[in-house]
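Written below as structure tokens is the structure these notes are about.
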Amino acid sequence: MLKNIFILFLFATLFTACNDQLDKINENPNATEHPLPAYLLTGSEKQGADLYWGSESNFNSSLLFVQQWAKIQYTEPDRYDVSNTDFTSLWNTGYATLITDLNTILNFTDEEANSNYKGVALALRSWVFQLLTDAYGDVPYSEVGQNTTPAYDTQREVYLGLLSDLAEAQSLLSTSGDAIDGDVVYDGDIAKWKKFVNSLRLRIALRIADREPELAEEAIVAATTDDAGLISSNTEIFQFIYTSSPQQNPASAWFETRDDYRISKTLVDKLYELSDPRLPVYAQLPSDETVNEYVGAANGLSTSEANSQGFAKTSKPGTYFLTSESPAVIFSYSEVLFALAEATARGYITGDAEQLYNDAIVASFTQFGITDATVVAAYLAQSLVKYDASNYKKSIGTQKWIAFYGQGLDAFTEWRRLDYPVLIAGPSTVLDGEIPSRFFYPGTEQSLNGISYQAAVANQGTDLLTTKLWFDIE
Amino acid sequence: MNMQRISTISKYIRKVCLAVLLLLLEHGVYAQTVSVVNGEVRDAQQQGIPGVTVALRTSATTAIVTVSDINGKFSLNTDQSLPATVVFNMVGFNTKEVKVKRSGEQLIVTLEENISQLDEVVVTALGISRERKSLGYTTQELKSRDLSNNKESNLLNGLSGKVAGVRITNSQGDMGSSRIVIRGETSIAGNNQPLFIVDGIPVDNSQLNVGGATRDFRNAVADLNSEDIESLSILKGPNAAALYGSRAAHGVILITTKTGKGQKGLGISVNSGVSFATVATLPKFQNVFGQGSNGKFSYVDGKGGGVNDGVDESWGPEMDGRLIPQFFSNGEAVPFVAHPDNVKDFFKTGVTYDNGISIAGSDEKHDFRLGINNQTQKGTVPNTEIKKNNFTLNTNYQLTKNIKIGATANYVVTDAPNLPGGPSGGRAAGVMLQFLWFGRQVDINELKNNRDVNWNNSYYSNPYWNTYYNTTSQKRNRLIGDIHLEAKLAPGLDLRLRSGTDYYNDRRKYKIKYGTSGTPYGSYAEDAYTINENNTEAILHYNRNLSNDFTLDALAGFNVRNRTYENNYQKAPRLAVPDLYTLTNSRDALTSSNSYSKLRVYSGFASAQLGYRGYAYLNITARNDWSSTLPRSNRSYFYPSVSASFVLSEAFNWKNEVLDFLKIRGGWSEVGSDADPYQLATVYDFQTAYDGNPIQTSSKKKLNPDLKPETTRSTELGLELSVWRNRIHLDLGYYNTNSFNQILEIKTSASSGYTSQLLNAGKINNHGVEVQLGLVPVQNGKFKWNVNLNYAKNNSEVKVLDYAGQIQNYTIGSSGGVEVLASVGQAYGALYGTAYLRDDNGNIVVGANGLPKADPQKRVLGHYTPNWLGGISNTLTYKNIELSFLIDANVGGKIFSGTNRTGNYTGVLAQTMQGRDAEHGGLFYYYPGNSSSASKTVISGSTAPSGETVYEDGMIFNGAYADGTANSTVISAQEYYKASYNISEAYIYSATYVKFREIKLSYTFNSNLIKKIGLQAASLSAVGRNLFFIYKDAPNIDPETAFNTGNAQGLESLSLPTVRTIGFNLNLKF
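Chains as they are written, first to last, in this note's numbering: chain A, 1 to 474; chain B, 10001 to 11070.
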């Protein structure tokens, strides 16, 4: 017995000494607890671009809804025959990757990350929140990352919150401040970031314009009068340029192994109607050389109807979009000009709406490499193109739709907001002739954050594709 | 080995007792002698058995009784007139009756050992042998003969239906992994499989890389060779296993391998077996309509160049011999006809050869056994193979009078040049994926003869191309072994030291050939694992009689456990040149990842068994662990157990003509459990750098610096009853297990900042009953019929997830839109998915287009956990012939079937024939103006207004419009069968099945005959396994199949068909 007690005592002493050793064994050698802001920033830009330009949120959903691309096989998403497992990556990557990484930067001490890092992080975070609320409507915003079941904020609260976040981001950013590393979009040029922040304020302010015109006006005045200015040329576009595999453009990677998409007939027909010089950039000639013209595939057909249009007789999207190094455009110069034209038309700021509208089209042409002045002039001279001051939504809506080619999420939002161009649901779509007005919440929200989800549904309306979001008035 | 020793000791005790008895009897039994019966009682090895009760059955109440002597000889004198019956009774052997015709007859009687007898000695935790009657918990033991003859290449499958409360699911075809769960899932998130211990060494049973793998890699315990196993004890639940601590909360499977102990002379044993496997559960395909869509098809390039030739569905024209260009005809129109066996013909007859030899020997000082076994399995999928070589050595040496040393080594080389592609193999490798999208007109021979062509070039490569070129290999080198020492320190006190290891590396190579559809440049990846677990243990064991009434068997010990895991993965995503599979042959930067983890646990433990007069026992255990995986403050955790056994029949001397044995038992136990390594501090991962800029990103998993150990508490009660000379033996058990503070990686809404969080949360209750009933309906000299029934019912309920009450559901897994959940207030394993939208009257709501609508609110569609499990085995023995068969049942539970979901969508299944033409109940309709965008107009006959094309595949979905009126909108069969693709409810089936699991016929050659040709024993057996279903509900699949060995069961997705096997086995002993 004594012996046993002695042994136990011996062991007890031993273990006190061993505790340090056991702690050491449990130190994770595979990853770090202490990330660096530059590495998180590169990651946020890369993963944000993948999300915005990748299949689930873009060319297998929003880009189809807004009839810029069409599916030639497996047409379910093009027929809106989708379920609530189909829109999860925007949510999961948006929140758990992008916003979490950016919040990590924001929560760093001043020694760990200077205020320019924080301004950049806040700007990018606002962009991600904007994508989330544009697509789903009410989304968690103020309680994100604070508990396991965050409440949803109304879309109004989210947009207004973002406007104030962006004002703060602007004050955090300073061209005379410390340098940042890891910025693969603007290469650490804080002046450009300040322009991006103002441009984003402009974009978001217009989102609320139909609902809260006074607040919109206030925000637009603030953004346009800020000393830092707006994105003011195509060299200042906010875009992520891909490299080679495995860092190639996601659409390019898709086309390398699969053949599911064509440019939409709706868009091709419109570009032909307008004799738009962007058509050869946006589309390829069909591989069947006897066709020898651009042919779009119709949206919303059954798989066999879509199939029978002929894989070889229809146009794939242009090679401009399908090389490994093709950019993911996130904020274009032409969008700034369209936004200024609209703000002018709405009377928020003074200026020449038509001139801004024309400049926006020219900026889009330049973006896609069309610089021939006579071509540009001929285009702008057409009556179908000419700015219609009595229906600015139609002119701007139609041209924005064309200029946003490939930017599915924003094209989808602007189309819902401006209600132009008029799109018609395809013959085999399943929403009784309607086109989706939003994404489903991920199905997992019902099981994982059920109470908050139910409250959001009660506020916003049933979780259907056709439910109209707050910003989207008839 | 302990078994052996105990039986030797008990033989000695018997001999001593016997001498005393004989002395007594010499004076007791004498009377007027009329008849004399002499003879000898022997065991199966033809050795005399001492102490057998030999009774002459008489009409009088007192039988004439004697006992066999040291050499098994006996002599009975009686005044009874003959003929009469002599009954032989001996604990551990089956009772035998022999007719005696005349006085002076010499009887040579062989008694058969009875393995389920009550005084049986069983191996319990830490390899301690105990009398079964002294245990306060349930164990069940299988002997080598129950395991070795059935020749399942995965050891676990051989246990199906044989043990109460044990559920085994095998995942993929004939080469995949198997999952074993005892008494239901007690851990919400963790591994629910038992701990495997081989000769005292914990062995790993991981299935590495379950999620991301393209193949169903075999679980690690499949490395063991059933031929080497002496016995297999199943310690169910924490009561039995408390001494093993953390990992034993789900039970322990204790394997004792064969040794050379007691082997006289050189014992050479040879076994040779062959078995044949054929696919048993292929889906039923339709053979009326071929590839295409809306009745149209014509092949040009197989990717949309022709009419619907990129469509990989069978909604095409009728296969009536009409002339259509097809993939092999070079544009020529050839007859479009059905090939009903085009899927079946892809599969081959699998063959497994199993050959082994072992040599054993012993003397006073040494014993050894050396075994070599080779198993070569060629699968039912072409070009799949697994070769396994086992080398086993087991030796002991008596160093001094008091010290014995020994070593065991089990070296296993598993080499699979190619494993069959499972559902996650994708289009480049998945076997059933392609076949459930397969054109029904496709002639598989055209594909077999030319791997460069395929029926569809949009999505697939030729299935033979896939299986011959896009291979995945696995090679595992494994050493399980130990060195051990036993020292006698004092009478009754001994010391045991053991250091054991389980070390293996597992290398996998994934090849995708250049030119594969979807992967035009091919790819190559290597995935290498090294797993090592070492356990070093010291145990002091004390065993003595405290007084005439009390016995004590106690031990105290200490264990150090170290486990390391290492993984390196590298992939060349696109090859530079074809057919060269090296990592440097790459167009792109390699993608790679590696990880290393290590844990250490110190444990101190003690146990004591106090026995009183051989009928009352109290067992106590205690253990304390110190684990590196927990934070300092929670690192040390203690857990005790107590159990008792009381043999009523002996205590109160209730033994009589009817009752042989009656025992009650009960126990309470607690088991603690630690976490995986590195679960305390949230980390950031690196990703492939972008253009020279490193990328870090959140791991999306929030970890927990305050983790506490998990606790499982279990109570169990039981009763064992044996009546009519063991003709009926009943074992009843009840258990109630609560597991709480579970370490859960709870999936959370991404808006929480993480997609999962690690919490100490959750409480799950499991309670249930287990019944084992053994019957011997017929037993006479030559013929015996044994029946064994087992039944188990487990009820589980998830009581709490997080203690804050915010989380109601824990996601265990998902597939095809169905989540498997642990939901508060429900049984474990709820299948949660999209249901049909229904109106107040329960009708399915359809839209104006006649298609059913999905309810935006997801629902629980069933639970995968079964209501009860049962098995019944019958063994019929006639002289040297034994016939046994086993039927097992799994009743209740649901399964979501991806095979039915896909097969309905693609129109390949026979069940999609209803409504597809007039003959199968389809309605006639036409499109006014022949415009397919116009709405369909139904007509009663097949005549439409002139010029309109008539279709005969009209169907009306059974449902109602939103206003409540019955649906009358006609849709085509193609629309009908596709309509529910996104409605999970449509593909939920009952998982109930009754399987004819096993039939075995064996013949043991007459020992006298055998001895003449120099053999000691010889037997021949034939075994059929999984021959057919007696009953099942789910069409087109085997409801027993599963995804993998994880907890996300109840999901089936394009799994390989399970196989039926027929095997033959020969055993020879020299």
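Glycine included, each C-beta is placed from N, C-alpha and C at the ideal position.
Span of the alpha helix (DSSP H), counted from its first residue to its last, around residue i
i: A:Asp-134; result: 115 to 136
i: B:Val-10818; result: No alpha helix (DSSP H) contains B:Val-10818, which is instead part of the beta strand (DSSP E) from 10818 to 10823.
i: A:Trp-415; result: 408 to 418
i: A:Glu-445; result: 444 to 448
i: B:Gly-10237; result: 10237 to 10241
i: A:Leu-206; result: 190 to 207
Burial state of residue i (16 or more Cβ within 10 Å)
i: A:Thr-175; result: exposed
i: A:Gly-369; result: exposed
i: A:Gln-146; result: exposed
i: B:Glu-10657; result: exposed
i: B:Thr-10062; result: Its pLDDT being 48, under 50, B:Thr-10062 is placed unreliably by the model, and nothing is read from it.
i: B:Leu-10266; result: exposed
i: B:Val-10036; result: exposed
i: B:Asp-10079; result: exposed
i: B:Ile-10180; result: buried
Span of the beta strand (DSSP E) around residue i
i: B:Pro-10640; result: 10636 to 10647
i: B:Tyr-10926; result: 10923 to 10926
i: B:Pro-10325; result: 10320 to 10325
i: A:Thr-466; result: Note, A:Thr-466: premise wrong, no beta strand (DSSP E); not H, not E.
i: B:Gly-10954; result: 10950 to 10955
i: B:Trp-10785; result: 10783 to 10800
Per DSSP, the bridge partner or partners of residue i
i: B:Gln-10474; result: B:Ala-10416, B:Arg-10508
i: B:Asp-10354; result: B:Gly-10273, B:Gln-10375
i: B:Asn-10389; result: B:Asn-10374, B:Val-10413
i: B:Glu-10097; result: B:Val-10087
i: A:Val-144; result: Beta-bridge pairing links A:Val-144 to no other residue.
i: A:Ile-105; result: A:Ile-105 pairs with nothing; no bridge assigned.
Backbone secondary structure at residue i - three-state DSSP
i: A:Ala-339; result: helix
i: B:Glu-10985; result: helix
i: A:Asn-234; result: helix
i: B:Asn-10693; result: strand
i: B:Thr-10584; result: coil
i: B:Trp-10654; result: coil
i: B:Tyr-10299; result: coil
i: A:Asp-20; result: helix
i: A:Asp-269; result: helix
i: B:His-10767; result: strand
Residue-level contact to chain E via CB, residue i, 9 angstroms cutoff
i: B:Lys-10296; result: Note that chain E does not occur in the displayed structure, where the protein chains are A and B.
- Task: Could you list the residues in the region 253 to 277 of chain A with a C-beta less than 8 angstroms from some C-beta on chain B, going in chain order?
- Result: Here the close residues are Glu-256, Thr-257, Arg-258, Asp-259.
- Query: If you measure beta-carbon to beta-carbon, which residues of the region 26 to 41 of chain A are closer than 7 angstroms to chain B?
  - Reply: The residues in question are Asn-26, Asn-28, Pro-29, Asn-30, Ala-31, Thr-32, Glu-33, Pro-35, Leu-36, Tyr-39, Leu-40.
- Query: Can you list, in chain order, the residues of the region 10671 to 10686 of chain B whose Cβ is nearer than 8 angstroms to any Cβ on chain A?
  - Reply: The residues in question are Pro-10677, Tyr-10678, Leu-10680, Ala-10681, Thr-10682, Val-10683, Tyr-10684, Asp-10685, Phe-10686.
- Message: For the region 10619 to 10646 of chain B, list every residue whose C-beta sits within 7 angstroms of some C-beta in chain A, in sequence order.
- Response: Answer in chain order: Trp-10626, Ser-10628, Thr-10629, Arg-10632, Arg-10635.
- Message: Short of 7 angstroms Cβ to Cβ, which residues in the region 140 to 153 of chain A face chain B?
- Response: Against chain B - using a Cβ distance shorter than 7 angstroms - the residues of the region 140 to 153 of chain A are Pro-140, Val-144, Gly-145, Asn-147, Thr-148, Thr-149, Pro-150.
- Query: Closer than 7 angstroms, Cβ to any Cβ of chain A: which residues of the region 10695 to 10727 of chain B, in chain order?
  - Reply: Here the close residues are Ile-10695, Gln-10696, Thr-10697, Ser-10698, Ser-10699, Lys-10700.
- Item | Contacting positions in the region 10816 to 10834 of chain B - beta carbon closer than 7 angstroms to chain A | Against chain A - using a Cβ distance shorter than 7 angstroms - the residues of the region 10816 to 10834 of chain B are Gly-10817, Glu-10819, Leu-10821, Tyr-10832, Thr-10834.
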